[in-house]
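Novice:
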Amino acid sequence: KGVDVSLTPVKTDQIRSKAKRPRFSALRSIELPKYGIQIRRWEEALRDYLIQKGHIDGVRCR
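Position one of the sequence shown corresponds to residue 378 (this note's numbering), numbered consecutively onward.
1) Spell out whether any CB of chain D is found under 8 Å from the CB atom of residue 383.
2) Can you look up residue 381 in the DSSP assignment and give me helix, strand or coil?
3) What residue from 409, 389, 394 has the CA that sits closest to residue 400's CA?
4) Quick one: complete alpha helix (DSSP H) runs, 4+ long, within the stretch 408-435?
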């Protein structure tokens, strides 16, 4: 099984949005461990999600 996806990169100014966005809005998770919250790397979370949904098997994907 697999997912065939085609992505097209776009710049922020090419997206029409009513909400104003800051120029740099990366999620900062530096403080979360102080509260016992651990965030997994997005690649690991995505892989687990795709396995759960049956889109890929358990083999390691790169």
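Just so you know, even glycine gets a beta-carbon here, dropped at the ideal spot from N, CA and C.
Specialist: Working from what's here:
1) No chain D is part of this structure, which consists of one protein chain only.
2) For the purposes of this step, residue 381 is taken as residue 4 along the sequence shown, with counting starting at 1. DSSP places residue 381 in coil when its eight states are reduced to three.
3) Taking the first residue of the sequence shown as position 1, residue 400 is located at position 23. Residue 400 has its Cα closest to that of 389, out of 409, 389, 394.
4) As far as the stretch 408-435 is concerned, its whole alpha helix (DSSP H) runs of at least 4 residues are 419-429.
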